[in-house]
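> Chains as they are written, first to last, in our numbering: chain A, 2 to 447; chain B, 191 to 595.
Cβ atoms here follow ideal geometry from the backbone N, Cα and C, with glycine treated the same way.
These numbers come from a predicted model, not from an experiment.
Shown below is the structure under consideration.
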Amino acid sequence: MSKHINIKRGLDIKLDGVAEKVTSDSSSSVFALKPTDFQGVSPKLILKEGAKVEAGTAVFFDKNKPAVQFCSPVSGEIIEIKRGAKRKMLEIIISSDNASTYKKFSPNSSSREEVITSLTESGMWPFLKQRPFDIMANPSDMPRSIFVTGFNTEPLAADFDYALYGQDTDFQKGLDVLAMLTDGDVHLNIHTERTASNMFKGAKNVVTNTFSGPHPSGNVGIQLNKVQPINKGEVVWTLNALGVTTIGKFFNSGKFDVSRLVAVAGSKITRPKYVKSIAGAKISSITAGNIDNSNTRIISGSVLTGTNVGNDGFLGFHDSTVVAIKEGNETEMFGWMTPGTHKFSNSRTFLSFVMPGKSYDLNTNLHGENRSFVMSLEYEKVFPMDIYPVQLIKECLAYDLEKMEAMGIYEIAPEDFALCEFVCTSKTEVQDIIRTTLDKALIDLA
Amino acid sequence: MSDFMSKYRPLFEKGGKHEKLAPLFESFDTFLFVPAHTTLKGSHIRDGIDLKRTMITVVFALIPALIFGIWNTGHLHFAALGEFTALGDGMLEKMLFGLEKVLPIVIVSYGVGLGVEFMFGMKNGHALQEGFLVSGMLIPLIVPVGTPLWMIAIATIFAVVIGKEVFGGTGMNIVNVALTARAFLFFAYPTQMSGDKVWIDTDGGAVVDGFSGATALGNLASTVALDKSDPITEATMQMFSNEGTYSLYNSFMGFIPGSVGETSAFAILLGAVLLLITGIASWRIMLSSIVGGYVMGMLFNLWGANAFMDLPAIHQLMLGGFMFGVVFMATDPVTGAQTSKGQWVYGFLIGFIAILVRVFNPAYPEGMMMAILFMNVMAPLVDHYVIEANISKRLKRTKLTTSQS
């Protein structure tokens, strides 16, 4: 039963440097597989430094779910394993041999078990996430339903309509495969204005729900909450259109092909556009010759939820956006008193509110200092779920499991609170609070 | 300026000569400059607003009431002495006199309050939190102009320490800080806080015949015990007619005795417009408080047991601290209800109780203060029930799905 849902409480932040719909190629000589891209995964290496790999060769697996393997995006050699504090594995660096030889898989979609085996041994499985806890899905669960978001509403993020253009058969194949994984429905969520492509509108074997309204309508968690809220004890798997297409491509070709179009955007990018690249590629290969690198923050992912990776970092496994914006490491005299026509605020305390539709060059300045919660109903303006955000966050800080459970902890993910964090007067690190709490609750409730 | 600050910064850093004064330095620095802090976790970009911006907006919203209060202090002073009795006369003299009386209160309130905040800041090692920027302006506006400065100082210390810091500072307090100061004055020095002398500063001059310095509510309260047909009652109610001292027009514009900033509904509404445009204050609370007060006023009209009850509901709202409380006190986000449904209930009850207390208990003509303080304490309870409703909705949903499967 498909639904139409209008999201009223939200915010579209208009930023300078939206990627133009043109595409160019890029080639990276080094790649990285980052265990930190996968929530809830404890990596265990299969291969060592110096090992030769093909695209699709398993590099490490998850200790919690040993069947799930994580594969090299390209063919070449593992040259370094970077570790952080407590020997936490951060990056597995692979130098590409530019030959692009793929490991041969013969994916089988004849039964649910075959599909799961095909996905887990090929490194495709990690595209599937689960609610509750917003972690990688567990192959031994039976999800109530699977939710796919077909559009991206984050500021400057890649437009799936363009980035996945022409991959209709792969997308449909992906949906067909997903349908085998659940005894419930696969929900494909599209936007009334942003989604134009027939690839989404005409998708079969799914329940198509339409959304309208601003960000976070594109967040799969919001869609889930509106269409079919998740209850205690239920599991729903979620992924985005990019994941579906990549899975479909794998089933059609038998290759571990995680190439994708990446939106390169932001005010520090000379010519914002789309670049063809591969998950794990070095950022500098994507931004090459197209970036002003002085005092710049480069983010893999969106400005709201992405990771600060720098030009020498690597594109995240799930990411199809790279944003470069100015670092806001400058003081501003009486900045809290000036009219502020260049500042963006969801409140109307800056004069800029008289210019709706204006696009801003926002930097990474916090615009203030961390304080206790003071304002009320500020988060609610940008948080469309039927959950009381501030009260839930306070329970998270107090870590009262029973209360958190009652107030909807199973329904949320950090990304759903990104706008709350953006608008917060008290500069509370909301996403971090939610992530930390989810990780802790995952252990305590297991 | 920036160089100047960075030159002295090392003195205040850890291990520096004035390490203990770091919160002071930090506060001054962030007063001058929005710091260069960048986002480390989560969202890479942030909204331009911060607590300083929020608080300064409220202070701006208070300015019309402050300016009017200054003028009115002067106006009533001269009116009591029988000089410049026309509204437009002696503008300059009235303003100067008002400034002379009101400015010291503002200075004492800010000076003492910020001093206490700094002491707690130094003790706890954090910079000044901005909450008092507003409280410091609210306190002078809700006291009678005749309040001795030492009383204001004591009340401010009490409010900041007991009302706020013991709970953990800005954002943690249970009851409104400025109202705590007002309540302290009201209960500690009742004689100085009521009667017909404190509202007007005559500077020792003789009051002309026929001039009453009592507040409208004080007058009304005196009629409650009397019969409606009592000559005193009738004389009092005459003052509330269209030609009287406390006519609806005068009450709305604020040409009547009262606490410094509370008399003019007009000036307060100017501030309300700013708060509503910027979205700082909750329109739900403002609207529901006014509705609550109006409903109670109407109920009293229907009942009509005494002359006070017969006062038109709209006139009730214009008197005393009602409008000031609605716009600036009830909407305090920290002490008010924090859910949108809760805010409707919270606001409505504030208005309702304010009028109720005012009419039923002549000893507390300032029902608004009581109503807001009471509802501040009740706000968490109101929110609790709103959230419980959400919780049980979720629980019901869970039960429904488990029973189906």
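#1: Could you please tell me which residues of the region 567-579 of chain B, in chain order, have their CB closer than 7 Å to any CB of chain A?
#2: Kindly list, in the order they appear in chain B, the residues whose Cβ is closer than 7 Å to that of Y400/A.
#3: May I ask which residues mark the beginning and end of the beta strand (DSSP E) holding G77/A?
#4: Taking beta-carbon pairs under 7 Å, can you tell me which members of the region 204-234 of chain B lie near chain A?
#5: Going by alpha carbons, who is nearest to D17/A out of H343/A, F251/A, L446/A?
#6: Is there a Cβ from chain A that is less than 9 Å from the Cβ of D527/B?
#7: Looking at the secondary structure, which residues open and close the beta strand (DSSP E) in which I299/A lies?
#8: What residues in the region 383-407 of chain A bring their beta carbon closer than 8 Å to a beta carbon of chain B?
#9: Using the DSSP secondary-structure output, state which residues sit across from A56/A in a beta bridge.
#10: Could you tell me which chain A residues have their CB closer than 8 Å to the CB of D193/B, listed as they occur along the chain?
#11: Which residues does DSSP pair with A404/B in a beta bridge?
#12: Would you list the residues sitting across from Q131/A in a DSSP beta bridge?
#13: Return no unless some Cβ of chain B is closer than 9 Å to the Cβ of L305/A.
#14: Below 8 Å on the Cβ atoms is my guess for T288/A versus A325/A; work out the distance and round it to an integer in Å.
#15: Taking Cβ to Cβ, would you say Q40/A is nearer than 9 Å to K130/A?
#16: What does DSSP give as the partner residue(s) for N432/B in the beta ladder?
#17: For a contact meaning CB atoms closer than 7 Å, what does F374/A contact in chain B?
#18: For Y275/A, name the three-state secondary structure that DSSP assigns.
#19: Determine the DSSP secondary structure at Y361/A, reduced to helix, strand or coil.
#20: May I have a chain-ordered list of the beta strand (DSSP E) segments no shorter than 3 residues that lie completely inside the region 342-428 of chain A?
#21: Classify T239/A as buried or exposed, calling it buried when 16 or more other Cβ atoms lie within 10 Å of its own Cβ.
#22: Is D420/B helix, strand or coil by DSSP?
#23: Does the beta-carbon distance from D386/B to T405/B come in below 9 Å?
#24: Take every Cβ of the region 332-344 of chain B, pair it with every Cβ of the region 287-303 of chain B, and state whether three or more of those distances are shorter than 8 Å.
#25: Going by the CB atoms, is the gap between F354/A and I1/A shorter than 9 Å?
#26: Which full runs of the beta strand (DSSP E) of 3+ residues lie inside the region 154-212 of chain A, going along the chain?
#27: Are A180/A and N206/A touching if we call contact CB-CB under 9 Å?
#28: In terms of DSSP beta bridges, what is V263/A paired with?
#29: Where M443/B and L501/B are concerned, what is the direct C-alpha to C-alpha distance, given to the nearest angstrom?
#30: What residue range is occupied by the uninterrupted beta strand (DSSP E) comprising P213/B?
#31: Spell out the partners DSSP gives M334/A in its beta bridges.
#32: Using the beta-carbon of each residue, which ones in chain B are nearer than 9 Å to F345/A?
#33: Just reading off the alpha helix (DSSP H) that F490/B is part of, what are its end residues?
#34: Kindly indicate the opening and closing residues of the beta strand (DSSP E) around Q70/A.
#35: What would DSSP say about E320/B, mapped onto helix, strand or coil?
#36: Specify the secondary structure class of H505/B as computed by DSSP and reduced to three states.
The short version:
#1: I577
#2: Counting from one through the first sequence, the residue named residue 400/A turns up at place 399. In chain order: nothing, as chain B lies at least about 17 Å away.
#3: By one-based count along the first sequence, residue 77/A stands at place 76. It spans 77-84 - the beta strand (DSSP E) in which G77/A sits, taken as one unbroken run.
#4: T220, L222, F223, V224, P225, A226, H227, T228, T229, K231, G232, S233, H234
#5: One-based indexing of the first sequence puts residue 17/A at position 16. The option with the nearest alpha carbon to D17/A is H343/A.
#6: For this step, residue 527/B is matched to residue 337 along the second sequence. Just to set this straight, residue 527/B is Ala in the shown sequence, not Asp. Yes, A527/B counts as interfacial toward chain A.
#7: Along the first sequence, one-based indexing puts residue 299/A at 298. Unbroken beta strand (DSSP E) run through I299/A: 297-301.
#8: D387, I388, Y389, V391, Q392, A407
#9: Position 55 of the first sequence, counting from 1, holds the residue named residue 56/A. Its beta-bridge partners are Y103/A.
#10: Stepping through the second sequence from its first residue, residue 193/B is reached at position 3. What D193/B touches in chain A: nothing, since even the nearest Cβ is about 11 Å away.
#11: Taking the first residue of the second sequence as 1, we reach residue 404/B at position 214. Answer is none; A404/B lacks a bridge partner.
#12: As a first step, residue 131/A is located in the first sequence; it is residue number 130 there, counting from the start. Q131/A pairs with I136/A, W238/A.
#13: On the first sequence, residue 305/A is found 304 positions in, with the first residue counted as 1. Chain B, which has a Cβ nearer than 9 Å to the Cβ of L305/A, makes this yes.
#14: Along the first sequence, one-based indexing puts residue 288/A at 287. Along the first sequence, one-based indexing puts residue 325/A at 324. About 7 Å separates the two Cβ atoms, so the contact holds.
#15: Residue numbering aside, residue 40/A sits at position 39 when the first sequence is read from its first letter. Residue numbering aside, residue 130/A sits at position 129 when the first sequence is read from its first letter. A contact, by the Cβ cut-off of 9 Å.
#16: By one-based count along the second sequence, residue 432/B stands at place 242. Beta-bridge pairing links N432/B to no other residue.
#17: Start at 1 with the first residue of the first sequence, and residue 374/A comes out as number 373. Within 7 Å Cβ-Cβ: G361.
#18: Position 274 of the first sequence holds residue 275/A. Reduced to three states, the DSSP call for Y275/A is strand.
#19: In the first sequence, counting from the first residue as 1, residue 361/A sits at position 360. Correct three-state label for Y361/A: strand.
#20: none
#21: What you label residue 239/A is simply residue 238 of the first sequence in a count that begins at 1. T239/A is buried by the Cβ-count criterion.
#22: Along the second sequence, read from residue 1 onward, the residue named residue 420/B stands at position 230. Residue state, collapsed to three classes: coil.
#23: The residue given as residue 386/B occupies position 196 in the second sequence. The residue given as residue 405/B occupies position 215 in the second sequence. Contact: yes.
#24: yes
#25: Here chain A comprises residues numbered 2 to 447, so residue 1/A is not present and cannot be evaluated.
#26: 187-192
#27: Sequence index remark: in the first sequence, residue 180/A carries index 179 (1-based). Sequence index remark: in the first sequence, residue 206/A carries index 205 (1-based). Yes, the Cβ-Cβ distance between A180/A and N206/A is below 9 Å.
#28: Here residue 263/A refers to the residue found at position 262 when the first sequence is read from its first residue. DSSP lists V276/A as partners of V263/A.
#29: Residue 443/B sits at position 253 when you count from the first residue of the second sequence. Residue 501/B sits at position 311 when you count from the first residue of the second sequence. If I take the Cα positions, the gap works out to 18 Å.
#30: Looking up residue 213/B in the second sequence gives position 23. Where P213/B is concerned, there is no enclosing beta strand (DSSP E), although the alpha helix (DSSP H) it sits in stretches over 212-222.
#31: Position 333 of the first sequence, counted from the first residue, corresponds to residue 334/A. F223/B.
#32: Your numbering for residue 345/A matches position 344 in the first sequence. Within chain B, the residues near F345/A are I235, D237, G238.
#33: Taking the first residue of the second sequence as position 1, residue 490/B is located at position 300. Looking at the DSSP string, the run of the alpha helix (DSSP H) that includes F490/B is 473-493.
#34: On the first sequence, position 69 is the one that residue 70/A refers to. From DSSP, the beta strand (DSSP E) with Q70/A extends over 70-72.
#35: Position 130 of the second sequence, counting from 1, holds the residue named residue 320/B. Of the three classes helix, strand and coil, the one that applies to E320/B here is coil, per DSSP.
#36: Against the second sequence, residue 505/B aligns to sequence position 315. Three-state DSSP puts H505/B in a helix.
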